[in-house]
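Report on the structure given below.
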Amino acid sequence: MEIKYSTAILIVNWGSYDYTRSCLISLSHCLNKDFQIIVIDNGSSDGSGQRLFDEFQQTCTFLFSDINLGFTGGNNLGIKWALERDFDFVLLLNNDTEVNPDFLTLMLEEFALNPKLGVVQSMILFMDEPNKIWSAGGKWIPSLGRAITLGDRVLLKDYVVQNKVLDWATGCCLLITRQTLEQVGMLNEQYFAYFEDVEWSLRCRDKGYEIALAEKAIIYHVAGGSSKKEHAEGMLSPRVFYFHVRNQFFLVRQQVKGLWKIAAISYHLLRFSAWAVYFTGRFRFKKLKSVLRGIIEGLSKPI
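Residues -4 to 298 in the numbering used here are what the sequence shown spells out, letter by letter.
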């Protein structure tokens, strides 16, 4: 089945020339050619945005931000650009991914099969272990305010999709319709990065749109390529832990109702207290401070 829709593919670059370049090259082999790639350079200070522009300006559109707007703000720049130009679909694609040539065709086919769909996610495998699943979509547990990744590290050959309908889709590879965007709105920029895709997905479902997995649409993900850099306290910066903790509490406060909210907050306080104990024992005091700051701001900041 050949689907003819215009798609804007958004790729946010933040100081990651090699990853973004590899992603763009893989997209050049796509069977479906009815798309436009928009590279959003998110305030890169290493010149990677200009290098990519010099190399790919003939085939990609480039948007430049003077500052790092995060995953949310960077993608929202691209979403706004795409909506102003009447694209039928917008695809969020992490820059540390590479795609199979038929991935977009297979994702679009899901919309033809189910008119209730607002969002489709691809099957995502690890780049360095392409037989293992990184994400087959997400499940939301309301009583705990917990987002679970389906298929995490399961061998692809052993994974059986019980239900293609998902609770949430990861922003690593998320295809959304123009109509859904117009009804639901853009990403919540207060999140900056982490859990913004869960919050967005749950908003889509609240508006009556379904989310599905395109299990045969395959892409490969480095997993944290743009956030894994050498730091004094390991590969992940303290800032990553801050956003993870803070946004988890944002999500609970927004999505969990009634007495379950108290239970969910207590559950995550226990989880993150364990993180704090671990970082204290490993003398990773910057990460400890980030976790504590995330807890305080996640529970107190207006949302």
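For every residue, glycine included, the Cβ atom is placed at its ideal position computed from N, Cα and C.
Values in this document were obtained by computation on a predicted structure and should not be read as measured data.
- Taking a C-beta distance under 8 Å as the contact criterion, VAL94 and LEU170 do not qualify as a contact pair.
- A distance below 8 Å separates the beta carbons of THR92 and CYS18.
- Taking all protein chains shown into account, LYS252 has fewer than 16 neighbouring C-beta atoms within 10 Å of its C-beta and is therefore exposed.
- The way I'd put it, the stretch 28 to 37 does touch the stretch -1 to 9; three or more beta-carbon pairs between them come closer than 8 Å.
- Annotation: the continuous beta strand (DSSP E) that includes TRP129 extends over 128 to 130.
- Around LEU86, the same chain offers THR2, ILE4, LEU170 as residues with beta carbons nearer than 6 Å, after the five sequence neighbours per side are excluded.
- Separation of the CB atoms of LEU145 and PHE190 is rounded to 16 Å, and the pair is thereby denied contact status at 8 Å.
- According to the DSSP assignment, CYS55 belongs to the beta strand (DSSP E) that extends over 55 to 60.
- Short of 6 Å from the beta carbon of ARG148, and not among the five residues preceding or following it, lie these beta carbons of its own chain, in chain order: LYS127.
- Rounded to the nearest whole angstrom, the CA to CA distance from LYS284 to PRO233 is 8 Å.
- The shortest C-alpha to C-alpha distance from GLU177 to any of ASP153, PHE82, TYR154 is the one to PHE82.
- When C-alpha distances from VAL217 are compared across GLY73, ASN71, SER295, ASN89, the shortest belongs to ASN89.
- Rounded to whole angstroms, LEU161 and LEU58 show a C-alpha spacing of 32 Å.
- Distances from the alpha-carbon of ALA212 to those of ARG16, CYS25, GLY293 put CYS25 closest.
- Counting other Cβ atoms within 10 Å of its Cβ, GLU79 stays below 16 and is therefore classed as exposed.
- The Cβ neighbour count for TYR14, taken over all protein chains shown within 10 Å, is at least 16; the residue is labelled buried.
- For THR144, the enclosing beta strand (DSSP E) covers residues 141 to 144.
- Excluding its 5 nearest sequence neighbours in each direction, GLU205 has C-beta neighbours in its own chain below 7 Å: ASN109, LYS111, LEU112, GLY113, VAL160, listed in chain order.
- Rounded to the nearest whole angstrom, the CA to CA distance from LEU101 to GLY69 is 26 Å.
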